[in-house]
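Take 1 as the starting number for the sequence shown in our numbering and just add one per residue. A short write-up of the structure that comes next.
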Amino acid sequence: MYRADIAFIVASAAKWRWHEIIDRIDSEFSVIFPLASQSDVEEVSFYAGIKGTALPYCPNPFARENDFIFLKLLAPVLPSRKKKKSLFGISLF
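What follows is the structure, given as structure tokens:
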């Protein structure tokens, strides 16, 4: 069975549903708020004590112009893209 390296929770940033986030979600999880404004996400994150991320509307999530959104979400688990130093084709590190 496969397991994920990082857990995301998708929740609503609507004020009338904040009680669900505050009561049930621990601060160790990253919460994604689709179609929410950044100010709403910052406000609910402050009151709930969580790390929240706004996910804007993406008509085509597979398009290249949306890559930055998903790279930001996956940054903690993606390997770094640092170039390896080499001397005459031999890797130094």
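For each residue, glycine too, the CB sits at the ideal point set by N, CA and C. Predicted, not measured: the structure shown is a model, and the values here were computed from it.
Inset, instruction - Could you check what DSSP says for Ser39 in three-state terms: helix, strand or coil? - result: One-based indexing of the sequence shown puts residue 39 at position 39. Ser39 falls in the helix class under three-state DSSP.
Inset, instruction - Determine the direct distance from the alpha carbon of Ser80 to that of Ile32, and round the result to whole angstroms. - result: For this step, residue 32 is matched to residue 32 along the sequence shown. For this step, residue 80 is matched to residue 80 along the sequence shown. Roughly 23 Å separates the two Cα atoms.
Legend entry - Cβ-Cβ distance between Ser37 and Ala13 below 9 Å: For the purposes of this step, residue 37 is identified with residue 37 of the sequence shown, where counting begins at 1. For the purposes of this step, residue 13 is identified with residue 13 of the sequence shown, where counting begins at 1. Yes; because the gap between Cβ atoms is below 9 Å, this pair is in contact.
Inset, instruction - Kindly indicate which residue of Pro56, Glu28 and Ala63 has the alpha-carbon position closest to the one of Ser39. - result: Translated into positions along the sequence shown, residue 39 becomes position 39. It is Pro56 whose Cα lies nearest to the Cα of Ser39.
Inset, instruction - For the alpha helix (DSSP H) holding Ile22, just list the boundary residues, first then last. - result: Numbered from its first residue, the sequence shown carries residue 22 at position 22. Ile22 -> alpha helix (DSSP H) spans Trp18 to Arg24.
Inset, instruction - Pull up the distance between the alpha-carbon of Ile69 and that of Trp18, whole angstroms please. - result: The residue labelled residue 69 in the question sits at position 69 within the sequence shown. The residue labelled residue 18 in the question sits at position 18 within the sequence shown. Those two C-alpha atoms are separated by around 24 Å.
Legend entry - Residue closest to Ser27, alpha-carbon to alpha-carbon, out of Ala63, Pro76 and Ile9: Indexing the sequence shown from 1 puts residue 27 at position 27. Cα-wise, what sits closest to Ser27 is Ile9.
Legend entry - Assigned exposure category for Ala11 - 16 Cβ within 10 Å defines buried: Position 11 of the sequence shown, counting from 1, holds the residue named residue 11. Result: buried.
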